[in-house]
Structure formats: structure tokens, C-alpha cells
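So the protein sequences, as listed, match chains A, B and C.
With this note's numbering, the residue at position 121 of the first sequence is 121, and numbering never jumps.
With this note's numbering, the residue at position 387 of the second sequence is 387, and numbering never jumps.
With this note's numbering, the residue at position 145 of the third sequence is 145, and numbering never jumps.
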Amino acid sequence: MTLPQLQQPPAIEEYAAPRSLDEALDALADGAATCVAGGTDLWVQKDEPGRAVGKRLVNIKNVPELAGIEVKAGRIRLGALVTMTQVLEHKDLAKKVPLLRAAADKFASVQIRNAATVGGNIANASPAADFVIPLLCLDAEVSLASMKAGKVKTRTVPINEVFAGPGKTVIAPEELITGVEFAVPGKNFYGGFAKTGPRPALEIALVSLGFAAYVEGGTLRDVRLALGAVAPTPIRARKTEAALEGKSIDDALIDTAAEALDAEIAPIDDHRGSAWYRRRLARAYLMQELGHAASG
Amino acid sequence: MTKIIEKDTIIGKRVRKMDAPDKTTGRTRYVNDMVLPRMLYGKILRTDRVHAKILRIDTEKAKAVPGVHAVLTGADTPDFGIGVLKDNPPLKKDRVRCIRDEIAAVAAESEEACDEALRLITVEYEDLPTVFECEDALKDGAPVIHEERPDNIAMAQHFDHGDIEQGKAESDFIVEGDYNVHYVTHCNMGVSCAVADIDPDGRVTLYSQSQYPFIMKMDIAPSLGMHPGDVRIVQPPVGGAFGSKLDVYPYEPICVLLAKATRRPVKVIFSREEEFIASPTRQPVEFKIKAGMKKDGTLTFREVDTLLNNGGYTSWGATTPYVTMRTITSHYKVPHIHYSAKAVYTNNPFAGSFRGYGNVQATWAIETHMDKMAEIGGFNPIEFRLKNANEPDEITPQGSNLGCIDLVGCLNTAAEKSDFLAKWAKYKDGWDSPERYKRGIGIAASLHNAGGAKIHKSDGCGTIIKMDDYARITVITGASEIGQGIDTVIAQIMAEELGIPMRDVTIVANDTATGPWDVGVHASRTTYIAGKSAQRAAQKAKAQILDAAAKQSNVSADALDLRGGHVVQAEDGVAVMPLDRLLRQMHFAGEAAQLVIQSDYYEPPTESEDENHVGDMSAAYSNAVHVAEVIVDTFTGEVKVETVWSVQDVGRVINLTGLEGQIEGGIAMGLGYALSEDLKIEKGIVKNPFFRDYHLFTAPEMPRIDMTFIETMDSEGPAGAKGIAELPTIVIAPAVGNAVYNATGVRIDHPPVSPEKLARGLFEREQRMRQAAE
Amino acid sequence: MPLQVDVTFTLNGRTTRVGVPVGASALTILRERLDLAGAKLACGEGECGACTVIVDGQSLNSCLMPAVDLEGREVLTVEGLWTDAGIDPVQDAFIEHGAVQCGFCTPGMIMQIRYLLDRNPNMSEDEIRRGLEGNVCRCTGYKKIIDAVIAAGRTATA
């Protein structure tokens, strides 16, 4: 809902509700379609200028290949249609990757978590996308599929290479996100998620931060630090990670890491908050997560 | 067998809200849900400029859109403005002055056709110089917003009492402070909406969310070129109002004008974004305060100058100084007072009335300032307030007779229940500790009218009651039900007086064609005045019934009573006859038919202010004191309000459940004002017209609330009750601000205490401490 | 004319077929085509919860649900809670505990609570508050709503 539209929203000319992946990919093949699943982003944005829906609307909700959470052989696959609620309620997942649960728990509201999907959160490419942050920490790979000359083509893209700018990805118009995959973290893995707001949820992040590492005897290994809303896309803070790698957590390290992070991010001023405040939050969350990691 | 019916009371009990069964089952149809046969939709083209001349409006293409029935501009409509100063023409002809301004309106068979037509209207402008700050608008050579007021001052008030210079001379401490209170808006869950229906005789029925239907007839008629008598206001249920519907706003005459132009019913309904941009705000105010005290803590003078950013047009926001003034002059005993207010035109959006009208702003400033003064004078916040507390029957400088107030009792109760002093002393010792999370506790008090507010020639309300052959009662009240529960209070009073179950009472409160006059639902007046009128009407009916019963029973009317649906002997409760049988006998008594139809019009014993702003304008006054205990996250600046202790003089509890609900809801609204709600307006543009960026309090954020009601038993109010609905919103915000200070040593003078503002305050304090240490 | 498709679904226990414009929300169809005005349009962006309905056992903001996706689903709205067995315990608790003022948020609030109680009738107060984080009420301050949830949960487990 917006003010009376001063720009004509494009008309949807065709509708498809495929029942299989092949059908879905066929419906997307000419690059003139827009997918809808949960609708929680698309239905808000569809009438806004510049977020036009393609001439064909493809409802992918009934494509069985996109559903389900699989945990096997040390890897986890989340189908593109997996909702935030399914992430929250999956017992194995919550146990094996508490970081995912933490991010899903702070995602919008119950009603939105019941609808919003893993694939949608990636495809929408918001700089503040909550669920992308833990996926960045887990080095997840995004599976894409498309139909070319009657044949299904697939490829995987590391999640940190998916985003090209606010609302922009490297995913081609004819491609469909089928799921994300990542390795189950091993022993001594710490993962935490922090996000702004006195509200537990229903809050667009001023800053969101995911921190993960193996912590053994106070020493950090394989550090992953991801942030939302401090750059045009969700980012991994590689330099800060490097500053932390192999180090033991103490006050001096926390200070060093905070300085490194401050140098690495480029938040903006907007009506939601100033760059100064976003920097303060990023620093505060990093300190908080290092503190949590240190205390196990 | 003799039937005995004991005397019982329903006053002060928990009763269910009359309309709750329909509202919980989705049966209630709000204005927003209304559909009339042949109804068209109306939409408004708004300007995207903040100040510009309109050179040309071209509507030809819009008129050609299939399904479009009318396209109107200012050229087609009566040349008469609406609002307090009648400075706001519903459709702007030659000039726009703020972002929301209405340029053209379309009626069409679908919302889509309206949208298409609006897209095809072209407007040519010549931009004019803009001004957004009061101070700039008052400068020589500033852009003039309305030619009739070349100084840009829409309204001004001042009040002086005693001798400020003497007050200054007697002061041991003088404390100065600036408090700039911000823009917030009502966020009614039901967005603005109206449906207009014209008849061939040129009369209009307007289905409206109005809170003041009887005066609205008069206010809207000139902008329609109609006689007020030809305007009928019907009030279907509304999704909240909170003061936002106490004036006529442009969409309402536009809706009627579209209906007139098309001879069909027309519905205008806002989107949420439009609601944020084009409905009134709370009045922002810049306070400059200087106040003095003696060493013993006695207040010596209070000097307050204020500027109000009036925006492009004048609605009730500009008149908030009338209420602000009462707080400045009357809250605590202050011998010497100066107050001034100027409402200054700018190119910002404009303010209307909003729950706590003028006093939310005043209480933030006064109670924050009182806390500062207490600290400077070396007093704790309780003793300083007690030292200067108003007393019962005190006559204030503006002539308010405070009557049966109990500020001292409210302060002491709040302090005791919250263990205030011990916590306050402990928490302020933690300012320099390295802990991330810090606790604080703060207190604030306020004074508000609780027996109406005489701002119109009458502050009255009428009631008509009709009893049928089955002892069912229909009560037609002038009062407006906007969710607050006057339907239930009136039913309770009827049930109490007439000895019948509440279920047998039907309340009708929705139509100027059937209802008796009422000034409107505002100023915490409705329980007091509509309740009193209902009580008086019921007492008249009761007297008539008991007279009839006396004739039949040979027991004198004085010795009879109504209980449990029966006429009973007052002394022993012995049932004399069932009420319904008596009513049928009264009805079918042949030539002397005695249907019970009674009415009452109650005018409270109040005075209008004179030209010096003196007059006892409310029949009762009341205090509330809130204590808030907070936890501050010093990393992020986020404030969690953990507990609120609310102590309020309510006169007497009528519906305990409804009263608690008003206080809890008022606190939620006031907490939003204190912490999270902030309508961000930059260069006249609303930057956050969405719930995602305008944070209303949600369930997880709400504190625990401990409520105490002090019953002072007002001698005039119905059953002793006073009005209660605004104080909770008024008093909580400064209690939170004071608690944040107690936790951190950081004082946020300009609300809201947003996480960023507090984080910056904490950062600056750290810097200062570091520098001091070096 | 915008493209329309027919959808067939179960609405409050009855099979319903209706033509829907492809860009429409489920809320618009419920309110404007099926005359179920209980679910409210208050923001249209999933930020307030006034439009909450239960679809295949999940509470959703119907303003964000594409109407075309109603096909084959089972939808429960506030109107469906008043059955031969009387009104729902949540509705009853709302009436008795004063959880209603203006009532505009009430149908959405009740549907969200119905969903929460179906999953767990013994929620802690914190769980209730979190469960209602997507439902805004401007009148009540939520306290009486929370009281009503606790009471309705007790009815369910009694």
C-alpha cells in the first residue's frame, strides 16, 4: 500500500503455478518472470516504481524439489522454500547450528516467519537481510537452476558472491534458487547473532552481526564475521577476521578487532540512524560476541 | 412466597465492554469496512512540493479514464477554508504550503481507476522560498506562508501572574532549560476514512470517524456550501481516534463534494502511508524555561516561553497552549509566573489534537525541569515535589479550583510502592561503573482537567432513555464511543440506577439525527459529563417509575427502590412487583398512557476563560504520578522499561476493567512518545511514513504495570468519578526520561530518548569524564 | 482488465471458488469478494498483524499472501471461530478480560492467538509476548490481551 500511484505498475499478463522443478524452470526460461513464494517482500514492493514484477508471475510454492531441510553426511541443505519457522522448529538444525536459529528468531514477526523463505531472503538482496548473515558465516553455497534448450542447468555460487548491490544479485532472470548448502560445523564451534532494536524482532536492522569461529582454549580459529546494513550488501569482514585469526580473546584483542572493523565498514547516514551510530553498534556487537565466545 | 432482593452495586466492578462480542467475532463493521450500493471510491492527488504557486492544473485526461465520474479541483469547490483559523481550503486553488496539500480529487468506480486518473493529472508549479523552523519563520524577510498573517504568527497567547522580577530576587537557585518536544502521530489502527451520501434535497449523510459530530456539522458546512442543518453525521464504529478526529480535515469535505458532484455515495479511505503523511500530528513545541527556588526548596517563579511549529495550516495543535498554560501555571504551587506561546506558520505538516493535548508536552518539560531543580537544590525527587505540591481546594493563578485532589497521596503512594528512594540513591551511584546494563528509576507527576474543559459555549451532553414493555432500555447519548468504553460506563450507570442487568441496556451513540447534543469526546470529559447526564436521566426515569409503583402498591415512592428487575421495598428488599409488568401497566393505562421516555441535558458547573485566561474551566481536576524503573544497555543506548508504578486519582472507579485498560493503553502510548515514536520531518518531508520505521510499542516491550487508584470521590462526578483517560499518556514519558538519567547520568532534554540519542549522550559523557580525568 | 484466475479452497470449512486478480492479496479477496471484513487492512505491509488469518495451520499476514496462492489451501478467518459449539475460548476470554477497546486489531490478534494456542496452550508470559510481536494494538497496552491468552490457554487444557 502506498500513496496513489503516480507511476503505472506493470500489468501481470501471465500466471503459472508449477508443480515440479522442470515446470518452474520452464516458466522462468524466457527471463520475463518474477517468482513469488512467501510474498513477504514481493507483495510490499510489487507496486513500487523500480521493483516491477515481470509480465509473468510464477508461484513456486508448490514445487516439491524446493522444499525441505536435509541433514546428511556432514552437510545441511535448506530448500529455497524453507520458512523461518521451519528453521526455528527443526530440532536437529537448532542443535547443530544454533546460529541459524538465533537469526531466524529475530526475523520480523511470527506471521512473517511463517511465510518468509530462505530463497526469498537471498533473492530480495536487502543490505539488511537477517538470514543472509548466518549463511555468510557458514560459507553457504547457493544452488541455482535454469532451463536452457530443454535441459536443466545447475550451478552453485558462494553466498558472499551472490549480492551485487541493494536489491541486486548475480542470479540470472531465468535462474531459480533451489536451496542453500553448508557443512555442519564441528566441535567447539561458536556462532552468535546480534541485531539492533529494543524489540526482539519486527525491526529492520540498523546493524546486524554474525560471528562464528572455532574456539579452543580461548583461541579463535576459522573466524567468520558477517554484517548487515553497513554496506550496500551484507558483507564478510575479512580484514577483521584476519586480525582475530589464531588469537586468544582478551581486552587488547577486542580493542584491536573493534578498530579493524571500524576501518573495514562503510555505513551510511539515513533516517533510521547515523553512520556514527551504526559504527558504535557494530563495535558493540563485536565486543559482545567476542565476550560470549570467550565465555563459551 | 416473599422474594427478597438485597441491595447490590455494579459500580467499581469488572464488567465486559458492551461491543466486545461483536468486535471479537469480526461482526463489527467499521467505517473502513462500509460499502453502500452504487458507491464510488474517491482519491486525492497530493502535492509533492512544500511551498509553491499552482500555475495550472490539467484534469482533461483524467476525466476521460473509463469508470471516472468526477474530477474536482479548487476551482470547482466553495472558497472556504476549514480548521481552527479557517485557513485550509480542502482543495488548494493557487498555492500549496506543505507536503500533504490536496490538489485534486477523483471519484471512480474502482480504486484502480482513481489511481489511473490521478496519474493523468498534470500540475504546473512555481516553487516558492521555504521555511521549516519557527525561529527562521519569525525573522524579517522570512517567506510568508499566509498573506493575511505577514508575521507568520498563527496564534499567540500569554499569561502573567505575580511579579517575575520579585520571584527572581527571592531565588537562591535559578535553573534554565530548553526542551524541544517532537512530532508523533496517532497511528489509529483504522486509517482515515469517510463515506458521503447525498440526497436529492441536497442533504448529506456523512459516515464519519468524527469525535465531535455535533460541532462538526457547523465546521464542515461552509466548505461544502451547505447549511449545517443539512449535514447529518453518522458514526459507525471506528478503529481508534485519540483526538485525531476533533477537527474537519480536507478529505472529509472532499468526500462530500465528490458525492455531490456524482450524486452517488463516495468513500475516501487512506493508505497507511497517506495516514502518516496527511493526518494530523501531536503539536511539537520548543520550550525555554527559567525557574527559581529557595534553599528550602520552595519554588519562587516559573518563566516559560514557547514556540509551536504550526506547519502550513491551523488545526487544534495551535490551541494546545490553552492546556499547556494550565500545567505551567497550576502544576505545583508557583507564586510568580510568565508564559507565552506563539504558533508559527512554516512549510511543515500541521498538528491536531492528540490524547493529552498540550499537557504531554508541558509535563515532559516541567517534570524534567523539576528533576534538574531537585538535584541542584540538593533534594531527592520526592521531597522536592512534595514541598511544592498542590493542595485540595487550592485556587490556582488561572482560577482553577483544584477541589478534591490528592497529589501528596499520589506522590507518597508511588514512592512507597516502588521503593523509590532506596533504589534512586543506589542507582545513581552506578553512573561510572563499567557495567553494560544499568538500572534507573524516575518519577513524574501531572495535573489535568478531569471534569470537562469549557472551550465551547456549552460543555454539556444530552441523554434520552426509553424503556419498553419488557424492561429493556435504550439509551441514546450524545457521547461518542471511540473504543474507550463510554458505552459500557453508561450501561453500568443505567443498570445501577434502574436495577436491571447491563445486558438489558442498548446504547445508541452514533447519529446526530437521533442523538442529543454533545461537545465531543475530548479532555477526559466523557465519563464525567455523559456519565452524569445518563445518571440524571436514569434518576428521572426511576422517579417516574417509583411514582407509578407507589400508586399501585400503596407504598410511598420514597420507600421503594428498583433492584434485580423488580420494584422492591427499599428497607427490606421485599419484591413488590416485576419491573416489566409495571412498565406494561404504565404503557397500557388507557388515556393516561405512561411510556417511560426521559431526557436530560447536563451542563457542568464550569467557566470559560476570560480574556486574561482566568476561569475555572473544568468541574474537577486530578493528578497522576508514575514511577518507571528502566534498564539501559549502555552499548546500544536501548532502554527497557521494566516496571511502571501508576498512581492516579480517579475520583471513583466505575468499570475497573475499562479503567485499567485506559491506563495500560495510555502508558503504552506515552512510552512510545518517550522512547520510540518519532515522526521524522526533514525540510517538510515525512521520512518514515511506515510502521517499520515508526515504532509503536509492541507486546514484548511492555513493562509490568502496578496500578493504584486513589478514590477522592468527586462531589459532582457520576458516582464520584473523575475523567481519567489522558493522564497516563501525559505523565509516563518524563518518568522514563528521569529514570534514564538516574541510570546513566545522561539527561535527554528532547524526546524521544531514542537509542541513538542516548548512545551519543553516553559517548559524550565518557569523553567528558576521560578529559576530566586527564 | 487485470489477469484473473479461479482459485478453489476451503474457507472456514466450506469449499469456495472465486476469481482473483493475479496481483491481489488474499486479504483483498476475503474482504471485497467474499464479504469477510473481520480481517482488517491497517498497513498492507505485514507490519501490524490486523489481517492475520490461519492458512494450512500457519498464521499469516493475509495482506502479503498472493490471492492466487489460496488454491487448494485451508483458510480460517475470525468469522470461522463462531461455530455450532459457540464462540471460541479466545473470543470469550477477550470479552471477559477487557482485551478489546476500539477492536480494530482484535480479529487479527485473536487469529494469531488461536494459532499460538494450537501449538502450545501453556505458553509462558514471555512466549505469549513474543508470539504477539507482529500484532500492533494502539489502545490496550497489550496487558489485557495477554491476560486473555493465559485464560484461554487454561480453558484449552482444563
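Don't be surprised by glycine CBs; every beta carbon is placed ideally from N, CA and C.
Requested in this report: Compare the C-beta of C:E74 with all C-beta atoms of chain B and state if any pair is closer than 8 Å.
Outcome: no
**Report entry** Validate contact between the stretch 529-543 of chain B and the stretch 462-470 of chain B using beta carbons, cut 8 Å, 3 pairs
**Finding:** yes
Query - C:E71 beta carbon less than 8 Å from that of C:V18 - result: no
Query - Rounded straight-line distance, which links the Cα of C:L76 to that of C:Q58 - result: 10 Å
Query raised in the report: Rounded to a whole number of angstroms, what is the C-alpha to C-alpha distance between B:K687 and B:S271?
Result: 16 Å
Report task. Tell me, to the nearest whole angstrom, how far the beta carbon of B:I277 is from that of B:R100; I am working on the premise that it is less than 8 Å. Result -> 5 Å
Query raised in the report: If you draw a straight line from the C-alpha of A:I159 to the C-alpha of A:L42, how long is it?
Result: 21 Å
Query raised in the report: Can you tell which of A:V230, A:I133, A:L57 and A:I177 has its C-alpha closest to the C-alpha of A:A145?
Result: A:I177
Query raised in the report: Expressed to the nearest angstrom, what Euclidean distance is found between the alpha-carbon atoms of A:G179 and A:A212?
Result: 22 Å
Report task. Output the distance between the C-alpha atoms of A:L21 and C:G49, rounded to the nearest integer angstrom. Result -> 33 Å
Report task. Would you verify that the beta carbon of C:T52 is, or is not, closer than 8 Å to some beta carbon of chain A? Result -> yes
Query - B:E609 (DSSP reduced to helix, strand or coil) - result: coil
Query raised in the report: Using a beta-carbon distance below 8 Å, is A:Q111 in contact with chain C?
Result: yes
Query raised in the report: Going along chain C, which residues have a C-beta under 9 Å from B:M39?
Result: Result: empty, since nearest Cβ-Cβ is about 12 Å, beyond 9 Å.
Requested in this report: Run the CB neighbour count on B:F350, radius 10 Å, all protein chains shown included, and call it buried at 16 or more, exposed below.
Outcome: buried
**Report entry** is_contact[A:R280, chain B] using C-beta, thresh 8 Å
**Finding:** yes
Query raised in the report: Alpha carbon to alpha carbon, how far is B:D48 from B:I289?
Result: 37 Å
Query raised in the report: So, is B:T9 buried or exposed, given that buried needs 16 or more other C-beta atoms within 10 angstroms?
Result: exposed
**Report entry** Reduced DSSP secondary structure (H/G/I, E/B, other) of B:M218
**Finding:** helix
Report task. Check whether the stretch 117-135 of chain C touches the stretch 30-41 of chain C, taking contact to mean three or more Cβ pairs, one atom from each stretch, closer than 8 Å. Result -> no
Requested in this report: Can you grab the Cα-Cα spacing for the pair A:G119 / A:K106, in whole Å?
Outcome: 17 Å
Query raised in the report: So what's C:C43 in DSSP terms, helix, strand or just coil?
Result: coil
**Report entry** A:H271 classed as buried or exposed, judged by whether at least 16 other C-beta atoms fall within 10 angstroms
**Finding:** exposed
**Report entry** Backbone secondary structure at B:P755 - three-state DSSP
**Finding:** helix
Requested in this report: Go through its chain and collect everything with a Cβ distance to A:R224's Cβ below 6 Å, but skip five positions before and after it.
Outcome: C137 and A212
Report task. Find the nearest neighbour of C:E133 within the set A:G79, A:I69, A:F193 and A:E203, judged by alpha-carbon distance. Result -> A:E203
Query raised in the report: Near B:A421, which residues of its chain fall below 7 Å by C-beta distance, leaving aside the five closest residues on each side in sequence?
Result: In the sequence on display, residue 421 of chain B carries Leu and not Ala. The residues are N380, I382 and A415.
Requested in this report: Give a yes or no on whether the C-beta atoms belonging to B:S618 and B:P728 are separated by under 8 Å.
Outcome: no
Query raised in the report: So, is the C-beta of B:R668 closer than 8 Å to a C-beta in chain C?
Result: The amino acid at residue 668 of chain B is misidentified as Arg; the sequence shows Ala. Yes, B:A668 counts as interfacial toward chain C.
Query raised in the report: Any idea what DSSP makes of B:K466, helix, strand or coil?
Result: strand
Query raised in the report: Does the beta carbon of A:G119 sit closer than 8 Å to a beta carbon anywhere in chain C?
Result: no
Report task. Report yes or no: do three or more beta-carbon pairs, one from the stretch 141-153 of chain C and one from the stretch 78-94 of chain C, lie closer than 8 Å? Result -> yes
Query - chain A contact residues for B:N688, given Cβ-Cβ distances below 9 Å - result: H271 and R272
Query raised in the report: Checking contacts by CB at 8 Å: is A:T154 closer than that to chain B?
Result: no
Requested in this report: Give me the Cβ distance between B:K92 and B:G74, rounded to the nearest whole Å; I'm assuming they're in contact under 8 Å.
Outcome: 6 Å
Query raised in the report: Cβ of B:I443 within 8 Å of Cβ of B:V627?
Result: yes
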